[in-house]
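Colleague: If you count the sequence shown from 1, position 120 lands on 122 in this note's numbering, and the numbers rise without skipping.
Built from N, CA and C at the ideal position, the CB exists for glycine as well.
Everything numeric in this text was worked out from a predicted model, so none of it was measured.
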Amino acid sequence: MRTGEQTHTGDASLMYSGYANGGSYDHAYMQVYGFNGAPLTVRGDTTLSYWVFPQSDATTPWVSAGSDDSTCVAVDLIFTDGSDLRDSGATDQSGTGTHPADQCGRLTLDAWNHVTVNLGAVKAGRAISKILVGYDRPGATGGYRGDIDDLSID
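Laid out in structure tokens, this is it:
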């Protein structure tokens, strides 16, 4: 959690940041919340919603000029059966896959992007055990950074 930087609402947001080394499997999945034995069951009408602010070199020195690597991010969910959201075939409100690599170049840099996913359409009856933030861009080199705010599962 960071204060004094980019927020969508309130005074704090969750920052993601890292550096890709050009490997064929450049990715990072970081757990931000665990349900600790009390998983959240997905209903038919459950929706995941969050705001993401991917940064460019115009707003941070950690990102190389011209890079859109910061857009290769998404909120991911792990379910009690071991499956995840990123490989479920789910899409966001624009029809883009929920895998972080699917988001590359689709999010607007240096702006708050609203992402919504109809979880009930693909995971109704399953239970969420963890919430992750994932970065995934095979072959990428350089820094990526941004903020996530106002995450909800309703």
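Could you tell me the distance, in whole angstroms, from the CA atom of G158 to the CA atom of Y146?
Modeller: Beyond the ends of the chain as shown, which are 3 and 156, falls residue 158; an answer cannot be given.
Colleague: Taking 8 Å as the cut-off, does the region 36 to 44 touch the region 100 to 115 (at least 3 CB pairs, one atom from each stretch)?
Modeller: no
Colleague: Would you be able to state if there are at least three C-beta pairs under 8 Å between the region 52 to 66 and the region 89 to 102?
Modeller: no
Colleague: Do you know how far the Cα of L153 is from the Cα of S15?
Modeller: 10 Å
Colleague: Is it the case that the Cβ atoms of C74 and A92 are separated by a distance below 8 Å?
Modeller: no
Colleague: Any contact between the region 116 to 131 and the region 21 to 30? By contact I mean 3 or more CB pairs, one from each, below 8 Å.
Modeller: Cβ pair count under 8 Å is below three, so no.
Colleague: If you reduce the DSSP assignment to three classes, tell me which class T9 lands in.
Modeller: coil
Colleague: Go ahead and pull the three-state DSSP assignment for G148.
Modeller: Reduced to three states, the DSSP call for G148 is strand.
Colleague: With which residues is I132 paired in a DSSP beta bridge?
Modeller: The question names Ile, but residue 132 in the sequence shown is Lys. G36 and I80, per the DSSP bridge assignment.
Colleague: With distances taken Cα to Cα, identify the nearest neighbour of S148 among A76, I80 and G141.
Modeller: The amino acid occupying residue 148 in the given sequence is Gly; Ser does not appear at that position. Checking every option, the nearest Cα to that of G148 belongs to A76.
Colleague: Using 8 Å for Cβ pairs, my map puts K125 next to S90. What's the rounded Cβ distance?
Modeller: 6 Å
Colleague: Check whether the Cβ atoms of D78 and Y35 sit closer than 8 Å, and answer yes or no.
Modeller: no
Colleague: Which residue or residues does DSSP assign as beta-bridge partners of P56?
Modeller: G148
Colleague: Where D151 and R128 are concerned, what is the direct C-alpha to C-alpha distance, given to the nearest angstrom?
Modeller: One alpha carbon belongs to D151, the other to R128, and they sit about 25 Å apart.
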